[in-house]
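Data block below; observations after.
6 protein chains.
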Amino acid sequence: MRPNSVKNRFLSGQPITNGWLSIPSSYAAEVVASQGFDAVTVDLQHGMMDFETAMAMLQAISITSATPMVRCTSMDAPQIMRLLDAGAYGIICPSIDTPELARAFVDACRYPPVGKRSFGPARGLLYGGPDYFEHANDHTLALAMIESKQAISELEAILDTPGLDGIYIGPNDLALSMGCKPGSETEGVVGDAIAQILRAARRRNLLCGIFCASAALARQRLDEGFHLVTPGNDANILGSSCKSRIAETLSESETTHQADITGY
Amino acid sequence: MRPNSVKNRFLSGQPITNGWLSIPSSYAAEVVASQGFDAVTVDLQHGMMDFETAMAMLQAISITSATPMVRCTSMDAPQIMRLLDAGAYGIICPSIDTPELARAFVDACRYPPVGKRSFGPARGLLYGGPDYFEHANDHTLALAMIESKQAISELEAILDTPGLDGIYIGPNDLALSMGCKPGSETEGVVGDAIAQILRAARRRNLLCGIFCASAALARQRLDEGFHLVTPGNDANILGSSCKSRIAETLSESETTHQADITGY
Amino acid sequence: MRPNSVKNRFLSGQPITNGWLSIPSSYAAEVVASQGFDAVTVDLQHGMMDFETAMAMLQAISITSATPMVRCTSMDAPQIMRLLDAGAYGIICPSIDTPELARAFVDACRYPPVGKRSFGPARGLLYGGPDYFEHANDHTLALAMIESKQAISELEAILDTPGLDGIYIGPNDLALSMGCKPGSETEGVVGDAIAQILRAARRRNLLCGIFCASAALARQRLDEGFHLVTPGNDANILGSSCKSRIAETLSESETTHQADITGY
Amino acid sequence: MRPNSVKNRFLSGQPITNGWLSIPSSYAAEVVASQGFDAVTVDLQHGMMDFETAMAMLQAISITSATPMVRCTSMDAPQIMRLLDAGAYGIICPSIDTPELARAFVDACRYPPVGKRSFGPARGLLYGGPDYFEHANDHTLALAMIESKQAISELEAILDTPGLDGIYIGPNDLALSMGCKPGSETEGVVGDAIAQILRAARRRNLLCGIFCASAALARQRLDEGFHLVTPGNDANILGSSCKSRIAETLSESETTHQADITGY
Amino acid sequence: MRPNSVKNRFLSGQPITNGWLSIPSSYAAEVVASQGFDAVTVDLQHGMMDFETAMAMLQAISITSATPMVRCTSMDAPQIMRLLDAGAYGIICPSIDTPELARAFVDACRYPPVGKRSFGPARGLLYGGPDYFEHANDHTLALAMIESKQAISELEAILDTPGLDGIYIGPNDLALSMGCKPGSETEGVVGDAIAQILRAARRRNLLCGIFCASAALARQRLDEGFHLVTPGNDANILGSSCKSRIAETLSESETTHQADITGY
Amino acid sequence: MRPNSVKNRFLSGQPITNGWLSIPSSYAAEVVASQGFDAVTVDLQHGMMDFETAMAMLQAISITSATPMVRCTSMDAPQIMRLLDAGAYGIICPSIDTPELARAFVDACRYPPVGKRSFGPARGLLYGGPDYFEHANDHTLALAMIESKQAISELEAILDTPGLDGIYIGPNDLALSMGCKPGSETEGVVGDAIAQILRAARRRNLLCGIFCASAALARQRLDEGFHLVTPGNDANILGSSCKSRIAETLSESETTHQADITGY
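Chains A, B, C, D, E and F, in that order, are what the protein sequence lines are. If you use numbering that gives the first Met the number 0, the first sequence corresponds to residues 0 to 263, in order. If you use numbering that gives the first Met the number 0, the second sequence corresponds to residues 0 to 263, in order. If you use numbering that gives the first Met the number 0, the third sequence corresponds to residues 0 to 263, in order. If you use numbering that gives the first Met the number 0, the fourth sequence corresponds to residues 0 to 263, in order. If you use numbering that gives the first Met the number 0, the fifth sequence corresponds to residues 0 to 263, in order. If you use numbering that gives the first Met the number 0, the sixth sequence corresponds to residues 0 to 263, in order.
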């Protein structure tokens with residue numbers, strides 16, 4: 000079976016940069032996945048695509064060296080199984096707020112006897128190889144989102160879930176759940192909570208990932224000990240870059256001496 | 000009929016920034032069109048979409064204040080008529096190399112007796128309003144791409160085509176046709192040719208547009224007297240911004256030694 | 000944030016006409032939304048579209064002055080959050096049969112601390128504006144479908160749910176649940192139940208909406224005190240209008256004197 | 000091979016009602032095709048769909064007893080061949096203005112040695128049956144649009160084209176080409192031209208079809224001797240019917256004062 | 000209402016061959032459905048399509064004499080209702096492990112007062128006919144998948160569920176749940192379990208279906224008393240047939256004397 | 000730039016097996032491309048997909064080791080350029096009947112100064128690599144279809160076209176053009192013509208490809224000296240394999256009397 004390079008980078012201590020896709024397009028997915036990310040995640044929770052387009056986007060990522068991952072919409076076992084069948088090598092699952100949810104999440108990601116995944120590997124066979132079934136349980140990452148006060152109150156039990164590969168922090172939902180505003184993740188109670196989650200997860204050798212609003216923050220998170228960072232999503236990057244280009248295009252410059260063209 | 004703000008900006012001497020779409024997605028289109036561009040062009044020539052998606056992208060642009068335009072694949076009259084039916088307020092047509100092509104292009108964009116556009120306005124009615132047919136000939140821009148040695152050799156005759164609203168320069172194809180490399184547009188024979196086209200078009204009060212590889216170049220082009228500039232396309236902007244984010248995420252920084260997390 | 004005109008019409012006592020979309024097409028959506036409806040609802044429960052097409056249809060509605068709304072497939076919190084992210088300004092949720100469901104429904108529609116909506120506004124930001132997050136809880140309508148005997152038995156508690164903006168009656172499911180046939184909504188026990196729901200909801204100043212099989216019934220419902228009425232859905236309107244056109248085309252008429260063309 | 004019921008109705012002197020599809024949706028197509036039309040035409044010229052959706056719409060029509068037809072975008076042989084491969088049983092081709100175009104059109108519709116259609120029947124085999132190739136030339140209708148002054152000036156030669164099955168009049172383009180306005184088709188020079196075309200085509204036993212803005216006009220056209228009439232297109236029918244429903248919903252009625260509900 | 004030929008074949012003791020679709024394409028669906036299968040099932044659990052494409056695939060199947068069926072992703076009542084609205088005449092539901100799930104499954108498939116299906120038949124009306132609502136409960140098949148140890152432990156109670164039309168065995172998931180490997184279904188404990196399920200279901204005159212890895216196994220299953228067999232899925236058939244063609248193309252043959260072409 | 004393995008196999012004398020895609024699905028494309036073909040061709044002429052789906056199918060092929068190729072609908076330069084932009088590494092162009100068409104075809108495939116391809120490599124850059132522009136002219140195959148009597152009459156001049164990489168024979172269209180039936184390609188005048196084309200092409204060291212109705216014929220063609228063979232298309236392979244499975248499932252067998260299950 001094709002190895003999971005994200006898992007291997009984690010095991011060998013290399014940082015993992017993760018692209019994030021909300022635009023429903025396999026072309027945009029390939030554009031992003033070709034830039035050097037170690038992983039690229041199709042976001043079904045806040046992205047604008049359905050499963051079928053997500054599958055095509057996983058295909059696009061599969062052309063590149065980036066590992067194809069998905070954020071599912073919720074802890075929805077049939078959906079998670081379909082995404083794995085479609086070739087996802089990692090699932091980031093929102094709102095794993097309890098040990099029971101964590102257990103159900105891992106079960107959805109693993110074939111029996113370890114879990115309860117239904118057999119029918121489909122694209123998994125094509126991307127992973129003919130021995131996909133034998134090794135899928137080992138190569139497919141189950142990353143639980145820790146993003147609520149409730150999750151923090153049950154953090155140790157959640158993280159002790161057998162088979163869980165790692166965690167992924169959603170800083171904005173975590174902030175909201177703690178009575179703070181989105182964007183307040185680098186200090187105060189939210190900052191403390193993130194540090195607490197990171198420590199607890201690292202203690203268990205779990206892969207620790209986090210969404211970041213900027214590359215600067217992503218770099219800082221790597222420095223803090225996170226293994227996987229997502230420096231923004233495609234729509235925000237595209238939009239803000241366009242806005243910058245417009246501003247730069249229209250900006251006055253001292254060197255704008257138009258005299259040489261008045262002769263037209 | 001809803002006025003064409005690009006035309007109005009041109010008439011009132013205001014610069015026009017133009018977004019450029021190659022990603023086949025109405026969501027990406029709305030993201031780009033919401034950033035402040037005066038016009039947004041769906042590129043069917045080098046973009047990855049078909050007509051049906053282009054129509055949905057024109058819808059997305061129509062939500063915003065940007066004027067929806069299209070670059071067609073070639074001087075293909077039935078295609079141009081369909082794109083106008085789909086609500087495009089401007090057509091940028093590749094390779095208008097002869098006065099005959101220029102005439103055929105204008106004919107495709109105008110209802111009789113001025114031109115030969117077929118009746119069936121479809122989305123044009125929805126976007127333009129119930130009096131679309133009466134005013135479409137006045138409000139729809141026909142912009143001819145000047146991008147070859149042949150076009151330059153017949154430049155005056157092409158630009159004299161009655162009904163032509165303006166020109167749009169494709170610097171890379173122009174360079175290739177002159178035996179130069181893509182990207183060689185700011186100096187030498189290509190630079191001279193662009194200056195010549197601009198002068199000839201401005202002399203006739205034609206709208207002058209050009210594709211630019213960067214915002215800096217777009218600003219320069221405005222300074223040179225171009226009315227409409229396209230500071231890059233969506234896929235390139237998205238890709239290069241992602242690449243920058245990865246580099247910034249992984250860059251070393253002096254402040255990287257954060258004693259407070261070494262305890263993990 | 001862009002105001003919710005449906006909410007404003009409700010607050011100012013103006014009737015609200017609502018279009019209903021089951022055809023999976025952004026073009027059909029724009030055709031319907033351009034006719035003067037105050038709101039247009041994409042129906043994911045009995046309509047033939049998925050989320051991704053629904054998003055494109057919300058874009059199409061956004062071009063017009065109609066307020067974009069959605070009927071979700073069921074009380075499915077992750078789905079509802081995605082539809083709000085896609086720019087829906089109102090959610091009509093089927094089968095709110097208990098106060099618990101009503102509470103969960105409102106929670107899905109509101110950001111913390113009021114509810115549990117996850118952060119990631121996506122198209123909401125584009126349609127609503129950059130201050131979307133600050134005001135979304137106020138501008139997004141949560142309308143609970145009351146359409147079963149069970150719901151009526153818990154009506155007062157359901158309607159007392161804090162944050163619920165209004166109700167929407169599904170007359171046919173209500174009839175079925177009461178042992179009656181579809182179409183039996185204007186009299187008998189179903190008619191009585193509808194009147195009871197309307198009274199209870201109006202007493203609390205809740206917005207009252209209802210699906211109607213015809214414009215005549217819609218007019219009657221406005222007369223009865225409903226604030227929002229849906230005079231049929233797109234597929235039924237299209238189908239029945241086509242059938243009428245065929246019948247009229249083929250009908251005999253006294254004035255059909257064919258003598259003048261017998262010379263062909 | 001499955002017989003062509005439109006051809007058979009024509010041969011037996013029965014009127015043919017034709018639905019017209021511009022909405023890119025196989026569901027809308029099935030809704031329309033289920034209402035009793037004898038034929039349903041997917042309009043690629045002024046409709047909003049591409050080939051692939053057109054194919055799905057031809058599938059939808061194939062479920063019903065209506066004969067699946069297509070209007071192509073123009074006299075474009077490769078496109079026409081693809082549409083026949085996709086299962087169209089009739090092609091309506093715009094702007095057959097010369098005998099040469101008529102000949103090329105027939106060639107595109109027929110396998111050698113009669114014409115030049117390329118072999119690769121695809122869906123034709125599924126819809127038509129395994130003997131499709133042997134009989135396709137006989138069962139597939141080639142209908143030339145006569146819609147310009149030029150076409151009228153060469154009318155006899157166009158209509159004499161061997162293998163042409165019939166004509167279809169586009170009244171609005173004909174009017175425009177004659178210096179008149181859309182909608183001026185029932186009188187004056189346009190009315191005379193239509194009568195002339197009809198007479199010339201009937202004299203040769205060609206199938207005569209025409210687009211009509213309303214059912215009343217369609218009925219009149221049947222009375223005049225047309226064999227096939229199209230009483231409006233889907234988008235217009237849907238839009239105008241919605242507008243009527245809104246008006247009826249909001250209209251004042253004498254019975255509006257309903258004392259029994261004023262107590263709400 | 001259009002009769003359900005699968006049900007009729009079952010009642011008259013005729014074997015039922017069932018095609019299985021995982022490729023998201025209405026064209027592929029029509030290709031498969033045209034080969035003579037009595038039923039064709041769109042597989043949403045392990046197939047790569049969403050609801051909207053599934054609807055188009057049901058349309059494609061509806062062109063042929065095969066009965067359109069669906070395997071849903073899970074016991075998800077809103078999804079099942081949508082698929083029935085889209086014209087499915089049979090639902091195969093995964094993992095009916097308890098009598099409660101069986102009851103909920105039947106409820107989702109039946110209109111009140113028998114079940115809880117919501118009213119809004121959509122494509123059901125087009126495919127089934129105008130009296131769809133009156134007869135849908137009788138003509139729509141509810142087939143429960145028995146595919147786990149837990150289901151076997153409650154087999155009698157599950158099979159006693161009123162309104163259940165039949166069962167469908169998923170041999171691979173059954174094997175996994177019993178600690179065996181996929182493909183171990185013809186002997187040992189899995190073989191015994193399948194025989195036990197078949198006996199229990201036949202005793203109640205339930206329709207018995209099963210997925211088979213090959214035609215040989217399908218034939219054996221018919222011999223064993225199964226009523227409906229699925230001899231492989233589309234992707235596997237396509238892939239393995241391509242592989243065979245490549246092997247045959249490249250195979251050495253004794254008759255390959257190339258001397259006669261060396262003169263080229 | 001990523002090398003073109005088809006070209007390399009040709010240069011090193013290895014046989015090339017080519018898959019053929021008519022089903023519009025990126026999943027089906029990956030299924031086919033994963034079976035070991037050296038090349039896989041998306042067929043836009045007789046296949047059921049548009050450009051946008053073709054692009055996604057090229058992505059799917061790009062995941063595998065097969066070289067992505069396309070058959071365009073006709074000698075349509077803008078279309079060919081778009082397909083190259085979408086990442087096709089080879090174009091098979093129908094009906095190259097004259098040296099002029101051959102020259103235009105090569106021009107469409109090559110950047111200046113060799114040809115006239117427009118600059119805008121899009122997906123080509125992603126699949127080929129950042130130096131795509133520099134090497135695309137060398138790595139992209141232009142294969143002209145020889146499939147008519149006219150082409151044979153100008154065969155030598157067509158094959159002498161500078162820059163042409165090879166030919167591809169369409170045996171059925173060739174047969175039709177010679178007054179024969181489809182399927183008559185292995186003997187008589189059609190067989191002779193194919194042998195003549197092969198000889199003339201091999202003499203010039205052109206890559207020689209041909210479509211084959213079966214693997215047996217493909218093997219024979221390799222023996223005859225063809226370099227690239229297409230052993231059937233996806234839809235035919237899928238359909239015929241399904242038909243075989245049904246037949247085998249329903250066939251009588253001597254072992255059918257299984258006493259042990261008569262007790263059910």
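In this text, a Cβ means the ideal position worked out from N, Cα and C, and glycines have one as well.
Open item on the list: For chain E, check one thing: does any of its Cβ atoms lie closer than 8 Å to the Cβ of Ser64/D?
Closed with: Working through the fourth sequence from its first residue, we reach residue 64/D at position 65. At least 8 Å separates the CB of Ser64/D from every CB of chain E.
Open item on the list: So, with DSSP's three-state summary, where would you put Met144/D?
Closed with: Position 145 of the fourth sequence, counting from 1, holds the residue named residue 144/D. When secondary structure is reduced to three states using DSSP, Met144/D falls in the strand class.
- [ ] Could you tell me which chain G residues have their CB closer than 9 Å to the CB of Pro230/E, listed as they occur along the chain?
- [x] Absence of chain G from the displayed structure is noted, the protein chains being A, B, C, D, E and F.
- [ ] Using a Cβ-Cβ cut-off of 8 Å, state whether Leu237/D counts as contacting chain C.
- [x] Along the fourth sequence, one-based indexing puts residue 237/D at 238. So yes, Leu237/D belongs to the interface.
Task: Spatial distance of Ser117/F from Met80/F (CA atoms) - done: Numbered from 1 along the sixth sequence, position 118 holds the residue referred to as residue 117/F. Numbered from 1 along the sixth sequence, position 81 holds the residue referred to as residue 80/F. Cα to Cα, Ser117/F sits roughly 7 Å from Met80/F.
Task: Val113/B, DSSP secondary structure in three states - done: On the second sequence, position 114 is the one that residue 113/B refers to. If DSSP states are grouped into helix, strand and coil, Val113/B belongs with coil.
Open item on the list: Determine, for Gly119/D, whether the minimum Cβ-Cβ distance to residues of chain F falls below 8 Å.
Closed with: Here residue 119/D is taken as the residue at index 120 of the fourth sequence, counted from 1. Closer than 8 Å to some Cβ of chain F, the Cβ of Gly119/D qualifies, so yes.
- [ ] Scan the region 164-194 of chain D for residues whose Cβ lies nearer than 7 Å to a Cβ of chain B and list them as they occur along the chain.
- [x] Result list: Asn171, Asp172, Leu175, Ser176, Gly178 and Pro181.
Task: Glu238/F (DSSP reduced to helix, strand or coil) - done: Taking the sixth sequence and counting its residues from 1, the one referred to as residue 238/F is at position 239. Note on identity: in this sequence residue 238/F is Gly, with Glu being the wrong assignment. Three-state DSSP puts Gly238/F in a helix.
Task: Anticipated Cβ contact below 8 Å, Met68/E with Met56/E, distance rounded - done: Walking along the fifth sequence from the start, residue 68/E turns up at place 69. Walking along the fifth sequence from the start, residue 56/E turns up at place 57. Contact between Met68/E and Met56/E is ruled out by a C-beta separation of about 11 Å, above the 8 Å threshold.
- [ ] Just tell me which of Ala141/A, Gly128/A and Gly35/A has its CA closest to the CA of Met0/A.
- [x] Here the question's residue 0/A lines up with position 1 in the first sequence. Out of Ala141/A, Gly128/A and Gly35/A, Gly128/A has the C-alpha closest to the C-alpha of Met0/A.
- [ ] Starting from Met47/E, find everything on chain F with Cβ-Cβ shorter than 7 Å and list it in chain order.
- [x] As a first step, residue 47/E is located in the fifth sequence; it is residue number 48 there, counting from the start. Within chain F, the residues whose beta carbon sits less than 7 Å from that of Met47/E are Tyr26, listed in sequence order.
Open item on the list: What does the Cβ neighbour count give for Gln13/F, buried or exposed, with the cut at 16 atoms within 10 Å?
Closed with: To locate residue 13/F, count along the sixth sequence from 1; it is residue 14. The residue in question, Gln13/F, is exposed, as its Cβ has fewer than 16 Cβ neighbours within 10 Å.
Task: Within 8 Å of chain F by C-beta, residues of the region 29-61 of chain A in sequence order - done: For chain F, the residues of the region 29-61 of chain A that bring a beta carbon within less than 8 Å of one of its beta carbons are Glu29, Val30, Ser33, Met54, Ala55, Gln58, Ala59 and Ser61, in chain order.
Open item on the list: Alpha carbons only, please: which of Thr97/C, Pro98/C, Phe104/C and Cys211/C is nearest the one belonging to Cys71/C?
Closed with: Within the third sequence, the letter at position 72 stands for residue 71/C. Of the listed residues, the one whose Cα sits closest to Cys71/C is Phe104/C.
Task: Asn3/A - DSSP class collapsed to helix/strand/coil - done: For the purposes of this step, residue 3/A is taken as the residue at position 4 of the first sequence. Coil at Asn3/A, not helix or strand.
- [ ] Check whether the Cβ atoms of Asn7/C and Ala38/C sit closer than 8 Å, and answer yes or no.
- [x] Along the third sequence, one-based indexing puts residue 7/C at 8. Along the third sequence, one-based indexing puts residue 38/C at 39. Cβ atoms of Asn7/C and Ala38/C: not closer than 8 Å.
Task: Given 8 Å, three or more beta-carbon pairs between the region 215-226 of chain B and the region 236-249 of chain B - done: Short answer: they don't touch.
Task: Within 9 Å of chain B by C-beta, residues of the region 89-112 of chain F in sequence order - done: Residues are counted here when their Cβ sits less than 9 Å from a Cβ of chain B; for the region 89-112 of chain F these are Tyr110, Pro111 and Pro112, given in chain order.
Task: Other residues of its chain near Tyr131/A: CB distance less than 8 Å, five sequence neighbours each side excluded - done: Here residue 131/A refers to the residue found at position 132 when the first sequence is read from its first residue. So the list reads Met0, Pro120, Gly123 and Leu124, once near-sequence residues are dropped.
Open item on the list: Assuming contact is defined by CB atoms lying nearer than 8 Å, are Met54/F and Ala28/F in contact in what I supplied?
Closed with: For the purposes of this step, residue 54/F is identified with residue 55 of the sixth sequence, where counting begins at 1. For the purposes of this step, residue 28/F is identified with residue 29 of the sixth sequence, where counting begins at 1. Not in contact: Met54/F and Ala28/F (Cβ atoms no closer than 8 Å).
- [ ] Express the C-alpha separation of Ile157/E and Ala101/E in angstroms, rounding to a whole number.
- [x] Against the fifth sequence, residue 101/E aligns to sequence position 102. Against the fifth sequence, residue 157/E aligns to sequence position 158. Their Cα atoms are separated by approximately 6 Å.
TODO: Please decide whether Arg1/F counts as near chain E, where near means a Cβ-Cβ distance under 8 Å.
DONE: Here residue 1/F refers to the residue found at position 2 when the sixth sequence is read from its first residue. It does not: the Cβ of Arg1/F has no partner Cβ on chain E nearer than 8 Å.
Task: Contained beta strand (DSSP E) runs [length at least 3] in the region 195-219 of chain F, N- to C-terminal order - done: Entirely contained in the region 195-219 of chain F, the beta strand (DSSP E) runs reaching 3 residues are, in chain order, 206-211.
Open item on the list: Applying the 10 Å Cβ sphere with the 16-neighbour rule, what's the burial state of Ala246/A?
Closed with: Here the question's residue 246/A lines up with position 247 in the first sequence. Ala246/A is exposed by the Cβ-count criterion.
Task: Residue interval of the beta strand (DSSP E) (run including Met47/B) - done: Within the second sequence, the letter at position 48 stands for residue 47/B. For Met47/B, there is no enclosing beta strand (DSSP E), as DSSP marks it with neither H nor E.
Open item on the list: Applying the 10 Å Cβ sphere with the 16-neighbour rule, what's the burial state of Ala87/B?
Closed with: On the second sequence, position 88 is the one that residue 87/B refers to. Burial is judged here by how many other beta carbons sit within 10 angstroms of a residue's own beta carbon; Ala87/B has at least 16 and is buried.
TODO: Determine, using beta carbons only, whether Leu205/A comes closer than 8 Å to chain F.
DONE: Translated into the one-based positions of the first sequence, residue 205/A becomes position 206. No, Leu205/A lies away from the interface with chain F (no Cβ there is under 8 Å from its Cβ).
Open item on the list: Assess contact between the region 138-149 of chain A and the region 171-180 of chain A, defined as three or more Cβ pairs (one per stretch) separated by less than 8 Å. Is contact present?
Closed with: Short answer: they touch.
Open item on the list: Which complete beta strand (DSSP E) runs does the region 58-134 of chain D hold, if anything under 3 residues is left out?
Closed with: 66-70 and 89-92, all fully within the region 58-134 of chain D.
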